[in-house]
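S.K.: After the structure tokens below, expect a handful of questions from me.
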Ligand code: 5AD
Ligand code: SF4
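Numbering (my numbering), first residue to last: -17 to 447.
Okay, here's the thing in structure tokens:
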């Protein structure tokens, strides 16, 4: 009997890609493959790529350079290594990738990776295969489910894609082109997937999509569910202790979603709400469809539903035409909201997007300087938020062993990593932890006497005020 073939998958970019990579692994597992952590002993290497910024794309090309050497080494041993480029770079650049990088056997967009096994077989016979269509059949219908063991290996927190694509067309963003139009999965398919995850030991589910607040999936009676209603249905599944969702658009927060934060204790009090800029002029040029004031109002509405909510965000600095005064509005917003954390990026002109053609592109040195200053403001707010947790008792979902013997790492409701001395058998439990110290961006704590049992929904929380 020949040894099972092995696949090595490297995922770049967002959580959608992490989810898609796991589904590709599940598909190939069904086809007899095992997973390997290194490219050197793989028969298939998949790079699941991100096109959101220039830097993300360049990373893929430099990795392809390294893989060329691995492929040649395998060939010298008489082995064939098939190289797959999947994801958004594949969608956006198609055959150009093969011209630029040479080593590639299959180029496959995010909507067609259910065709991966047949494309790999065809590539072996006929050479380069490119599939960047938006096929009529849904990849979700064709996708394999992970075996229980694979689900467990991936940990007790899992992503579930509920929505994909985006119709917002922010002027800087490639997503509407690479991921296509908004599409929502039916409620029944999502609930079935979450039930399987919970049965395999998953305790926390994050519903993901480019724009989950625009979720409009068909319910059992054919009528569309909003995200708020979907969250209620998912929260009713036995075995889960925590629910999250990401990413939402500040213009799409409806009353049902806001009420879900009041009504569902399992819905964690932490919302990622990308704002991109604090300046109304820049927000309009970005086509974000809200203003600084309406964004703040959205935050206030959420806080009125649940006062212990904390927020994170995304910011872009150096959007074309951004003045120092515009930039200062972003810094002021960071301080006004007091984010628990935020991502910030230098504007990257993406081919084919409207903003790439705008006059007044900002010089690199100015972008760099603004990024540093914004990051300093974000870090200051994050440190202040973490400092408020000192002495608090927080429910921590224990996820995996820590770096030191006898230590576990978990997450607070606010996504902070928390290190605590606890027995490995407690992985999957929500433990009450007293926060005793801070280190970089994580918390240190000790187990408080009351510890919950796995599967109990919505622990009472002692939150930083
Ligand atoms: N340049 C810089 N950042 C970008 N993002 C999206 N497109 C660009 C771009 N062209 C950022 C946004 C978004 C996050 C996922 O990536 O902040 O919310
Ligand atoms: Fe991109 Fe805007 Fe859609 Fe977010 S809402 S995915 S930034 S187009």
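Don't be surprised by glycine CBs; every beta carbon is placed ideally from N, CA and C.
Distance check for residue 370 and residue 300, CA to CA, integer angstroms please.
M.R.: Rounded to the nearest angstrom, the two C-alpha atoms are 32 Å apart.
S.K.: In three-state DSSP terms, what is residue 430?
M.R.: Of the three classes helix, strand and coil, the one that applies to residue 430 here is strand, per DSSP.
S.K.: When you compare the CB positions of residue 188 and residue 151, do they come within less than 7 Å of one another, or not?
M.R.: No, they are not a contact pair.
S.K.: Going by DSSP in three states, residue 166 sits in which element: helix, strand or coil?
M.R.: Residue state, collapsed to three classes: strand.
S.K.: Return yes when the Cβ of residue 428 is within less than 7 Å of the Cβ of residue 418, no when it is not.
M.R.: For residue 418 and residue 428, yes; Cβs fall inside 7 Å.
S.K.: Just the C-alpha distance for residue 183 and residue 391, rounded to the nearest angstrom, thanks.
M.R.: Approximately 17 Å, taken between the alpha carbons.
S.K.: Please name the residue in 326, 255, 320, 177 whose C-alpha comes closest to that of residue 221.
M.R.: That would be 177, whose Cα lies nearest to the Cα of residue 221.
S.K.: Closest to residue 239 by CA distance: which of 259, 256, 196, 277 is it?
M.R.: The option with the nearest alpha carbon to residue 239 is 196.
S.K.: For the alpha helix (DSSP H) containing residue 40, name the first residue and the last one.
M.R.: It spans 36 to 58 - the alpha helix (DSSP H) in which residue 40 sits, taken as one unbroken run.
S.K.: Considering only C-alpha positions, which residue in the set 335, 283, 307, 316 is nearest to residue 297?
M.R.: Considering only alpha carbons, the answer is 316.
S.K.: How is the alpha helix (DSSP H) around residue 99 delimited, first residue to last?
M.R.: Taken as a continuous stretch (DSSP letters only), the alpha helix (DSSP H) holding residue 99 covers 98 to 108.
S.K.: Would you say residue 148 touches the ligand 5AD, meaning its beta carbon is less than 6 Å from a heavy atom?
M.R.: Not so, every heavy atom of the ligand 5AD lies at least 6 Å from the Cβ.
S.K.: If you run the structure through DSSP and keep just helix, strand and coil, what is residue 447?
M.R.: Caution applies to residue 447, whose pLDDT of 46 falls short of 50 and renders its modelled position unreliable; the value that the coordinates give is listed next. DSSP places residue 447 in coil when its eight states are reduced to three.
S.K.: Could you check how far apart the C-beta atoms of residue 378 and residue 393 are, in whole angstroms? I think they sit under 8 Å.
M.R.: Yes, they are in contact, since the Cβ atoms of residue 378 and residue 393 sit about 7 Å apart, within 8 Å.
S.K.: Taking the alpha-carbon positions, what's the residue 122 to residue 389 distance?
M.R.: Roughly 38 Å between the two C-alpha positions.
S.K.: Using CA atoms only, rank isn't needed, just tell me which of 6, 70, 387 is closest to residue 147.
M.R.: Checking every option, the nearest Cα to that of residue 147 belongs to 70.
S.K.: Inspect the beta-carbon positions of residue 323 and residue 294 and report whether they are closer than 7 Å.
M.R.: In contact: residue 323 and residue 294 (Cβ atoms closer than 7 Å).
S.K.: Once the 5 residues before and after residue 404 are set aside, which same chain residues still bring their CB inside 7 Å of it?
M.R.: 380, 390, 413, 429, listed in sequence order.
S.K.: What are the uninterrupted segments assigned as alpha helix (DSSP H) that are 4 or more residues long and contained completely in the segment 215 to 293, given in chain order?
M.R.: Runs found: 237 to 245, 262 to 267, 274 to 287.
S.K.: Would you decide whether residue 270 is buried or exposed? Buried here means 16 or more other CB atoms lie within 10 Å of its CB.
M.R.: So residue 270 counts as buried.
S.K.: In the DSSP assignment, find the unbroken alpha helix (DSSP H) run with residue 94 in it and report its ends.
M.R.: First-last for residue 94: undefined, no H or E at that position.
S.K.: Whole angstroms is fine: what's the gap from residue 173's alpha carbon to residue 199's?
M.R.: C-alpha separation (whole angstroms): 12 Å.
S.K.: So, is residue 365 buried or exposed, given that buried needs 16 or more other C-beta atoms within 10 angstroms?
M.R.: By the 10 Å Cβ count, residue 365 comes out exposed.
S.K.: Just the C-alpha distance for residue 474 and residue 108, rounded to the nearest angstrom, thanks.
M.R.: Nothing can be reported for residue 474, as the shown portion of the chain is limited to -17 through 447.
S.K.: Of all residues in the structure, which have a C-beta closer than 6 Å to any heavy atom of the ligand 5AD, taken in chain order?
M.R.: Checking every Cβ against the heavy atoms of the ligand 5AD under 6 Å gives 34, 35, 154, 155, 256, 258, 296, 298, 327, 329, 330, 332.
S.K.: On the three-state DSSP scale, how would you describe residue 145?
M.R.: Reduced to three states, the DSSP call for residue 145 is strand.
S.K.: By DSSP, does residue 17 sit in helix, in strand, or in coil?
M.R.: Residue 17: strand per DSSP, three-state reduction.
S.K.: Among residues of its own chain, excluding the 5 on either side of residue 446, which ones have a beta-carbon nearer than 6 Å to its beta-carbon?
M.R.: Residue confidence is low: residue 446 scores 48 on pLDDT, short of 50, so the model does not pin down where it sits. Its coordinate-derived value is still stated next. So the qualifying residues of the chain are 370, 371, 374.
S.K.: What do you reckon, are the CB atoms on residue 175 and residue 224 nearer than 7 Å?
M.R.: Contact flag unset, no.
S.K.: Once the 5 residues before and after residue 264 are set aside, which same chain residues still bring their CB inside 6 Å of it?
M.R.: So the qualifying residues of the chain are 301, 304, 308.
S.K.: Restricting to Cα atoms, I'd like to know which of 59, 81, 91 is closest to residue 73.
M.R.: It is 91.
S.K.: Helix, strand or coil for residue 29? Go by DSSP, reduced to three states.
M.R.: Residue state, collapsed to three classes: strand.
S.K.: Have a look at residue 396 and residue 407 and give me their C-alpha separation to the nearest angstrom.
M.R.: Each residue's alpha carbon lies about 24 Å from the other.
S.K.: When you compare only the Cα positions, how much space is there between residue -1 and residue 30?
M.R.: Each residue's Cα considered, the two are about 7 Å apart.
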